[in-house]
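Trainee: Counting from 46, one number per residue, gives the positions in the sequence shown under the working numbering.
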Amino acid sequence: MPTVSQRFWLTTDRVDTVIDASAESLYAMVSDLPRIGEWSPECEGVTWEGEVSTPVVGTTFMGQNAVGPGRRIRYKRHGRVLVADAGREFEFITDEGGRESTVWRYQFQPEGSGTRVTESYEVRWIPVWARIIDVPTNRHKELLENMRTTLARLKVCAEAQHNATNR
Numbered sequence: 046m047p048t049v050s051q052r053f054w055l056t057t058d059r060v061d062t063v064i065d066a067s068a069e070s071l072y073a074m075v076s077d078l079p080r081i082g083e084w085s086p087e088c089e090g091v092t093w094e095g096e097v098s099t100p101v102v103g104t105t106f107m108g109q110n111a112v113g114p115g116r117r118i119r120y121k122r123h124g125r126v127l128v129a130d131a132g133r134e135f136e137f138i139t140d141e142g143g144r145e146s147t148v149w150r151y152q153f154q155p156e157g158s159g160t161r162v163t164e165s166y167e168v169r170w171i172p173v174w175a176r177i178i179d180v181p182t183n184r185h186k187e188l189l190e191n192m193r194t195t196l197a198r199l200k201v202c203a204e205a206q207h208n209a210t211n212r
């Protein structure tokens, strides 16, 4: 459930699923942001800024996104890695108009023979125009559905990779 706030546009939510793969391998997939377009229905890809082989706290990037009917609305976001704790947590923040906007977090918790992956977001600030558009378009619902899709696609990819490795 979204956090109740006096500022309706400051939303937060999360989804989770159990994936038959190790926390370390899932972390490696998620933190490899240039691959994010393989599972995200909104972020088509990411380009690291500078020479990056493994992201660390402070690493910056540019994300390319597409939303709306037919994914015709395209936009870019700068981002910065906030947490890079291999096998446990990967977190980054994106900016909007030069201000920190949304925190995205992936947490990995071993569960049974697999890993519970939790994806969450927290909107810290968005411009007035976005607040106005977000209400009729129900952006919060869209983000929630996109996170479910992201984790479902990640699950398919990770489990296929896990099964191929363990044959």
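Don't be surprised by glycine CBs; every beta carbon is placed ideally from N, CA and C.
1) If you draw a straight line from the alpha carbon of Arg-161 to that of Gln-152, how long is it in whole angstroms?
2) By alpha-carbon positions, which one of Gly-157, Val-97, Leu-127 and Thr-92 ends up nearest to Lys-121?
3) Do the CB positions of Ala-68 and Arg-133 come within less than 8 Å of each other?
4) When you compare only the Cα positions, how much space is there between Phe-135 and Pro-114?
5) Would Ile-64 pass as a contact of Gly-157 if the rule is Cβ separation under 8 Å?
6) State the DSSP-derived secondary structure class of Asp-155, mapped to helix, strand or coil.
Mentor: Reading from the atomic positions:
1) Taking the straight line joining both Cα atoms gives about 8 Å.
2) Taking the Cα of Lys-121 as reference, the smallest distance to any Cα among Gly-157, Val-97, Leu-127 and Thr-92 is reached at Thr-92.
3) In contact: Ala-68 and Arg-133 (Cβ atoms closer than 8 Å).
4) C-alpha separation (whole angstroms): 30 Å.
5) Going by beta carbons, Ile-64 and Gly-157 fall outside the 8 Å limit.
6) Correcting the residue type first, residue 155 is Pro in the shown sequence and not Asp. Strand.
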